[in-house]
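Down below is the structure, laid out as structure tokens.
There are 2 protein chains.
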Amino acid sequence: MLRTHTCGELTIQNAGQEVNLCGWVQRSRDMGGLTFVDLRDRYGITQLVFNMEVNPVLCLEARKLGREFVISAKGLVAERSNKNPKLPTGEIEINMTSFEILNASKIPPFTIEDNTDGGEELRMKYRYLDLRRNINRKNLELRHKMAIATRNYMNDQGFIEIETPVLIKSTPEGARDFVVPSRMNPNQFYALPQSPQTFKQLLMIAGFDRYFQLVKCFRDEDLRADRQPEFTQIDCEMSFITQEDILNTFENLAKHLFKVVKDLEIGNFPRISYDLAMQEYGSDKPDIRFGMKLFELNDLVKGKGFKVFDEAGLVVGLNAEGCAEYTRKQLDDLTEWVKRPQIGASGLVYIRCNMDGTVKSSVDKFYSSSDLTSILETFNAKPGDLVLVLAGKKESTQKAAGELRLEMGRRLGLMDPAVFKPLWVINFPLLEFDEETNRYYAKHHPFTSPVPEDIQLLESNPGAVRANAYDLVINGVEIGGGSIRIHNKELQKKMFQILSFTEEDAQEQFGFLMTAFEYGAPPHGGIAFGFDRWCTIFGGGESIRDFMAFPKNNSGRDVMIDTPAKISTVQLKELNIKLVN
Amino acid sequence: MLRTHTCGELTIQNAGQEVNLCGWVQRSRDMGGLTFVDLRDRYGITQLVFNMEVNPVLCLEARKLGREFVISAKGLVAERSNKNPKLPTGEIEINMTSFEILNASKIPPFTIEDNTDGGEELRMKYRYLDLRRNINRKNLELRHKMAIATRNYMNDQGFIEIETPVLIKSTPEGARDFVVPSRMNPNQFYALPQSPQTFKQLLMIAGFDRYFQLVKCFRDEDLRADRQPEFTQIDCEMSFITQEDILNTFENLAKHLFKVVKDLEIGNFPRISYDLAMQEYGSDKPDIRFGMKLFELNDLVKGKGFKVFDEAGLVVGLNAEGCAEYTRKQLDDLTEWVKRPQIGASGLVYIRCNMDGTVKSSVDKFYSSSDLTSILETFNAKPGDLVLVLAGKKESTQKAAGELRLEMGRRLGLMDPAVFKPLWVINFPLLEFDEETNRYYAKHHPFTSPVPEDIQLLESNPGAVRANAYDLVINGVEIGGGSIRIHNKELQKKMFQILSFTEEDAQEQFGFLMTAFEYGAPPHGGIAFGFDRWCTIFGGGESIRDFMAFPKNNSGRDVMIDTPAKISTVQLKELNIKLVN
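Residue numbers (this note's numbering), protein chains in the order written: chain C, 1 to 581; chain W, 1001 to 1581.
Here it is as structure tokens:
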């Protein structure tokens, strides 16, 4: 090794030792007789001291060191007179006896500091420099810790990790596939997996009753802030189980990760049905770090002559505690906010519970003081509270109210990133009807089984059928989801019919799976977690990009290696493809 | 859970307990009053007993169970009268009280037994049934065990696993890339990585001084038995190290895996230079489970009038101990064997050391008895031994002799798959000259550094420059290889020149890496192991396919899911490509 120690480990215990450190020059300060160099590696920072009186030649050489030079430095550990309690190595410094420049460095295009002066575009182009920043290093270290803790936990529970193929078959259902032309099979293509769904089901049929995999998945979608063309899943599947077993097994995984990675003991996760989540939180991924539940007001407000409420499918409100002091301006702003197209409400009604006990609302014309008081009682509103009410079509109004709830939570500082409130959302609808194409789509995927007692509704009322499906939500983010699968060939056939697959489509796309079901498929189910997202939540980050070593930008480009790129005509010819301009 | 126990865990200790098992019907035997069903799951086999006298209805139902039916079975654990010591559960059986068919099965197309009647093609089409066979299940379990042991060991050594991207950039150097058309960047392509080589070097520049990854890699090559279009590497890189540190670190990983996976204590691995390996074993991946070293005979045989030897660049032999009794026919067969195009020798000379001390050779005409005795002494040949000699051009004759050595090792039973003899081969040549294109190619890859003392030869005699490169070989199989990298931009530029890269080529393909080298690249090096191969060696298997869940055939096809396949014209259009017929 070119070093005896790292830059993060020397303490007062090592005083007097001769050591050899390697690392990067973080900064250097020239203080007349002394030159200080902060040497950085993955493990920390150690202060090197060059003394003009003791060794002027060395000191002068040291003054030539630029930022990010890589050096190997030899010296004696000494107690600092001026200790730095913020640094683990802050009690010591190294009195230098010699050093060697292992590599020089050009001046980096941005500062290697937590608060860097580099914009995102520049940092992505020089991602290898960006990754030198503590904050990014810690993100990747957290990701590694999550991965190894996950694997060991799953292994301890008897799961085995099995690698499924990356070169698979394109299926038009779901998002767009990335495809790979086959040279050996002209005019044919592989596809990259959007998930190993069918393979993990085949592994259950193969008898591997507890499978997991941390696996790269791919989706050729138009990218948003929180999407990447390649991402990682914790993919899991079990046989001979019920939904209850899945929820328990993976709740325990989550608790284990909270403990190991965040040092947090989390109690049992609440479970809430999709219907109730929509009703109380206006979201299928409720953030339950705070209450502010939605209440339906239809019975209280209808028939009093206020047309907006009378004609609405749903009148729903929430109590923004302590917001009675909101000014006219603030209320107008909030009204504008809910009317933005992303939220889509037509307006906002408020009922203010003044400190003196009086009530004031924007609908005083239609509602008596006692009408308003009844509404306030629904929310347990106290003097000082502000009830906000939306009205409109049921589904869109639920969602708008859910967004308003989150916005008020943000404004009131109720969403502490250090607080974690996981929960299960269960009993999702099995199907979604799409008006445009006039057909049902699988809410989850076509292999999701219905709740047994709802199977009878499949023909008569498909929209009402609940799925044996579940999501794990943490702080308003869907971390994972899964379902108990259909293991019966007949039921699977019926599902394909309801999803408007022709017999031929189903056969061509999933024929091998349907054949496999004929050879003793066990009852099975599973779950997949968005590993990037989970890391992001645990790391207190905003974007999954910050938890990937080499992410792509919104155009799917890696600006560092400059890809995608043109390929040679020889390559195109070998692959039997031609470009269309 | 639908079961209380697995089919592998019940013993005499459980006698009297009521249990619930789930699994597949391996076989059933109808013995008049009793019906026995062997129930199988991933963990083992348990015998279920149905008694016609006790419960005739249940027994008659059980008789209808076909092979591979999936059932849930309830009963009481009882001691067997007729114990089966070969089975962990062989002391007990379950007296059945009820069962439920969870899923029926068609008759499988081949028997689910270690010695199956199914051919490879059929088994691959029904791979999910093939994987039910013990032998395949054990292979994947071994692979999982290897992976988790590797990860924990690397983690314990301070390495962090970092995921590098799968959608990268095509580089013409090396094998053919698989490419992925980009929809968002028309007429541009991603490539799938042949290895994360450049990314791991960038991670070193980023300061992650100990990186590893178990990672899928891709090569669009014409497939042979031991090649797959996608395969897995244990990819590793370290900074601030010398070759010695790499060899020690990864020798310890290998020893750890031998211990954990094979329960074997392996001593220190021998190290041998490439030149010596070629000289003594005729191979850069010698199988040292047996001796039978090659000896050069040029000095002993030249100038005696035997033209074949006189004109040869190399005359080289080996001692096949105890083979003096080989018949004329056997020697003729062996001569034919070495003359096959795969071996390419022009003939075979033998010198037989008879049991009575006399010597007989196929070149008695040219060599006196004392000439021959001198040769035999070179090999320490004893009465009963047979020395075999090849002659020709140096390099091809070394290789042919190496192949002959392996063949004799096989014939003499010297290659016990339960014996493991790892070693390091070091000091590879840096460059290989290709006569056809009249240029040098990197033997390893263009980032491999020369042995420091040979740098001066780079201009004058590139072919003589040794690389700071090493391979780990186990039982004649190259398990891994790596090198200390060039971290100096000037040296890297010179390498590209020697490899006939134009400035533009180098810039276009590796520009970002060369730029990165300007910002403080630390000295670094690494290694990559063929994970599939390592599993295959440890599992005593023949082909890496048997250690992959869903391998492809020699045409790169997955015959189970029938891919590669056609994609829709909509997809082609979105990707701006057209098929060429």
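In this text, a Cβ means the ideal position worked out from N, Cα and C, and glycines have one as well.
Proximity test, Cβ basis, 8 Å: W:G1357 and chain C | no
Leaving out five residues on either side along the sequence, give the residues of the same chain with a beta carbon under 6 Å from the beta carbon of C:K76.
-> A quick correction: the sequence has Leu, not Lys, at residue 76 of chain C. Excluding positions up to five away in sequence, the list reads E18 and N95.
Take the Cβ of C:L348 as the centre, count every other Cβ of all protein chains shown within 10 Å, and call the residue buried at 16 or more, exposed below.
-> buried
Could you name the residues of chain W that C:F529 contacts, counting a contact when the two beta carbons are closer than 8 Å?
-> Residues of chain W passing the Cβ test: none, with the nearest at roughly 15 Å.
Closer than 8 Å at the beta carbon, the chain W residues around C:R603 = Chain C is shown from 1 up to 581; residue 603 of chain C falls before or after that span and cannot be answered.
Nearest candidate by alpha-carbon position, reference W:I1537, set W:G1066, W:R1219 and W:A1418 = When only C-alpha atoms are compared, the closest one is W:A1418.
Quick one: using the 10 Å Cβ neighbour count with 16 as the cut-off for buried, is C:P56 buried or exposed?
-> exposed
With 16 other CB atoms within 10 Å as the buried threshold, where does C:Q197 fall?
-> Using a 10 angstroms sphere on the CB of C:Q197, the tally of other CB atoms reaches 16 or more, which defines it as buried.
Is C:N319 near C:V387, with beta carbons less than 8 Å apart?
-> yes
Determine which residues share a DSSP beta bridge with W:N1319 and list them.
-> W:V1387
When you check each C-beta in the stretch 469-489 of chain C against every C-beta of chain W, which residues fall closer than 8 Å?
-> H487 and N488
Please list the residues of the stretch 1017-1037 of chain W that have a C-beta atom closer than 9 Å to any C-beta atom in chain C, keeping them in chain order.
-> Result list: C1022, G1023, W1024 and V1025.
Secondary structure at W:D1562, three-state DSSP: helix, strand or coil?
-> Coil.
Which one of W:L1406, W:K1489 and W:N1576 has the shortest CA to CA distance from W:I1288?
-> W:L1406
Between the stretch 1509-1523 of chain W and the stretch 1531-1546 of chain W, do at least 3 Cβ pairs fall closer than 8 Å?
-> no
Exposed or buried, which one is W:A1175 when buried takes at least 16 other CB atoms within 10 Å?
-> exposed
So, W:D1220 versus C:R183, is the Cβ gap smaller than 8 Å?
-> yes
Collapsed DSSP secondary structure at W:Y1153 in the structure displayed = helix
W:Q1571 CB to nearest chain C CB: under 8 Å?
-> At least one C-beta of chain C is nearer than 8 Å to the C-beta of W:Q1571.
Leaving out five residues on either side along the sequence, give the residues of the same chain with a beta carbon under 7 Å from the beta carbon of W:K984.
-> What is shown of chain W runs 1001 to 1581, which leaves residue 984 of chain W out entirely.
What distance in whole Å lies between the Cβ atoms of W:M1548 and W:Q1228, which are believed to be in contact at a cut-off of 8 Å?
-> At roughly 7 Å, the Cβ-Cβ gap stays under 8 Å, so W:Q1228 and W:M1548 are in contact.
Expressed to the nearest angstrom, what Euclidean distance is found between the alpha-carbon atoms of W:D1245 and C:K421?
-> 46 Å
According to DSSP, residues forming a beta bridge with W:T1046 = W:L1039
Which of the three DSSP states, helix, strand or coil, is assigned to C:P551?
-> coil
Decide if the stretch 1114-1123 of chain W is in contact with the stretch 1138-1147 of chain W; the criterion is three or more beta carbon pairs, one per stretch, under 8 Å apart.
-> no
Can you give the Cα-Cα distance for C:N268 and C:A469, rounded to whole angstroms?
-> Taking the CA atoms as reference points, C:N268 sits about 19 Å from C:A469.
Cβ shell of W:P1551 (< 7 Å), same chain only, five flanking positions each side left out | Q1228 and R1545
Near C:F379, what residues of its chain come up, given a Cβ to Cβ distance below 8 Å and the 5 sequence neighbours on each side ignored?
-> F295, G317, L318, N319, D385 and V387
Shortest alpha-carbon distance to C:L430 belongs to which of C:E436, C:F447, C:S361 and C:K365?
-> C:F447
Straight-line gap, W:E1093 to W:Q1047 (C-alpha atoms, nearest Å) = 5 Å
Comparing alpha-carbon positions, which option in W:A1062, W:F1036 and W:D1364 lies nearest W:K1304?
-> W:D1364
By Cβ distance below 6 Å, which residues in the same chain neighbour W:P1181 in space, the five residues on each side in sequence not counted?
-> F1189, L1575 and I1577
Please check if any C-beta of chain W sits within less than 8 Å of the C-beta of C:P184.
-> It should be noted that the sequence gives Met, not Pro, for residue 184 of chain C. Yes, because at least one Cβ of chain W sits closer than 8 Å to the Cβ of C:M184.
Listed in chain order, which residues of the stretch 1036-1060 of chain W have Cβ atoms closer than 7 Å to some Cβ of chain C?
-> D1041 and R1042
Can you give the beta carbon distance from W:F1531 to W:I1205, rounded, assuming they're within the 8 Å contact cut?
-> Not a contact, Cβ separation roughly 25 Å.
Interface partners of W:R1557 on chain C, CB under 7 Å = N185
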